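Chemist: First residue of the sequence shown? That's 1 in the working numbering, and the numbers climb one at a time after it.
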Amino acid sequence: MRNQEVNPVRRNMASGSILSRNKGGISNSSPSQKVELSNGVKVAIFDLDGTLVSRHVWLGIVKYNLKEKENLFPVFWYIFYHMALIPFWKIGFLSQEEYYKSWGQDIATMIKGKNQRKTSIFFQWLAKEYLLPSIKKNILKRLKEHQKKGFSTILLSGSFQGLLNIIANQLNINFAIGTKLEIKKDKFSGRIVPPLCFGKQKVEKLENFLSQKKLKVNFKESFAYSDSIFDLPMLKLVGHPVVVEPDKELLKIASKNSWETLQS
1 MRNQEVNPVR RNMASGSILS RNKGGISNSS PSQKVELSNG VKVAIFDLDG
51 TLVSRHVWLG IVKYNLKEKE NLFPVFWYIF YHMALIPFWK IGFLSQEEYY
101 KSWGQDIATM IKGKNQRKTS IFFQWLAKEY LLPSIKKNIL KRLKEHQKKG
151 FSTILLSGSF QGLLNIIANQ LNINFAIGTK LEIKKDKFSG RIVPPLCFGK
201 QKVEKLENFL SQKKLKVNFK ESFAYSDSIF DLPMLKLVGH PVVVEPDKEL
251 LKIASKNSWE TLQS
């Protein structure tokens, strides 16, 4: 058994020898200019679903399978099973986080049995024909502003790594960090390789990635963008959290802490 390889997109990323938080900063230089590594690089971190784009990956997967008449049983199982969990969440048998996490973990069932070639074609459609046409113009503008000022940009999402790589390439994002898919005999097994890049695990995956790459980051001068309360650990990681059309819980926290809030 082997797992899906992670091939993060990298463009002009300055590197150092250690990972640091809340110390120093760098000038707003262009990516081509030399960065003072002693202070760490500034990063801008973007969530995908509901933040950078308005559409959602799971619904795109449903639409594609229905269009191609593929994996119909797993698609209907995915929808009805998670709809059936709603009462358990409402009565408190499942926490809100557990409920939403189950949606993310089980998405892989809808591509079970697809080989890597077919999945690559599918990911291209999902990225270019479904998700990117719904990109939020104000968030895209922010992304380009950060890139122009020399920030290193990171796409950090619970979505599949292969899909994120395509989106990152399209938008010139430096790194993509997401959820790995399990592969058996050149086909996707319908399972992820734990952990799902969700909640606290997002921050853990980010920090592990930066540590492995020996990248030194100035989190105090960095930005993070999200729409979801479940990304609170990621937002708290940086000195400049930005909430994008946030859910009620996140809006309440953002208002209390005077965080920047962006609406469409």
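No residue lacks a Cβ here, since even glycine has one placed at the ideal position from N, Cα and C. Since the structure is predicted, the reported quantities are computational estimates derived from the model, not experimental observations.
In whole angstroms, what separates the C-alpha of residue 118 from that of residue 82?
Modeler: 26 Å
Chemist: Quick one: grab the DSSP three-state call for residue 134.
Modeler: helix
Chemist: Evaluate residue 61 with the Cβ neighbour count: other Cβ atoms within 10 Å of its Cβ, from every protein chain shown; 16 or more gives buried, anything less gives exposed.
Modeler: buried
Chemist: According to DSSP, what are the bridge partners of residue 184?
Modeler: 187
Chemist: Label residue 4 either buried or exposed according to how many other C-beta atoms from any shown protein chain fall within 10 Å of its C-beta, with 16 as the threshold for buried.
Modeler: Any reading at residue 4 must be qualified, since the residue scores a pLDDT of 44, below 50, and its modelled position is unreliable; no value is offered.
Chemist: Helix or strand or just coil, what does DSSP make of residue 231?
Modeler: helix
Chemist: Spatial neighbours of residue 240 within its chain, please: CB distance less than 8 Å, with the 5 preceding and 5 following residues excluded, ordered by chain position.
Modeler: 221, 222, 223, 224 and 260
Chemist: What residue does the alpha helix (DSSP H) around residue 82 start on, and which one ends it?
Modeler: 72–84
Chemist: What distance in whole Å lies between the Cβ atoms of residue 205 and residue 197, which are believed to be in contact at a cut-off of 8 Å?
Modeler: 5 Å
Chemist: Taking 8 Å as the threshold (C-beta atoms), are residue 127 and residue 170 in contact?
Modeler: yes
Chemist: With DSSP collapsed to three states, give me the class of residue 49.
Modeler: strand
Chemist: Do the CB positions of residue 226 and residue 244 come within less than 8 Å of each other?
Modeler: The beta carbons of residue 226 and residue 244 sit closer together than 8 Å.
Chemist: Considering only DSSP beta bridges, list what residue 192 is partnered with.
Modeler: 181, per the DSSP bridge assignment.
Chemist: To the nearest angstrom, report how far apart residue 91 and residue 256 are at their CA atoms.
Modeler: 28 Å
Chemist: I'd like the span of the alpha helix (DSSP H) that includes residue 119, first residue to last.
Modeler: 116–125
Chemist: Round the Cβ separation of residue 199 and residue 230 to the nearest angstrom and send it over; I've been treating them as touching at under 8 Å.
Modeler: 5 Å
Chemist: So the beta strand (DSSP E) residue 262 belongs to, where does it begin and stop?
Modeler: Residue range 260–262 is occupied by the beta strand (DSSP E) that includes residue 262.
Chemist: Quick check: what's the CA-CA separation for residue 238 versus residue 73?
Modeler: 42 Å
Chemist: Is there a Cβ from chain B that is less than 8 Å from the Cβ of residue 157?
Modeler: Absent from the structure is chain B; it holds one protein chain and no more.
Chemist: Helix, strand or coil: which one does DSSP assign to residue 209?
Modeler: helix
Chemist: Helix, strand or coil for residue 156? Go by DSSP, reduced to three states.
Modeler: strand
Chemist: Would you tell me roughly how many angstroms separate the C-alpha atoms of residue 43 and residue 52, rounded to the nearest one?
Modeler: C-alpha separation (whole angstroms): 16 Å.
Chemist: Buried or exposed: residue 168, going by 16 or more other Cβ atoms within 10 Å of its Cβ?
Modeler: Classification for residue 168: buried.
Chemist: Should residue 115 be labelled buried (16 or more other beta-carbon atoms within 10 Å of its own) or exposed?
Modeler: exposed
Chemist: With 16 as the cutoff for other CB atoms within 10 Å, does residue 101 come out buried or exposed?
Modeler: Within 10 angstroms of the beta-carbon of residue 101 lie 16 or more other beta-carbons, which makes it buried.
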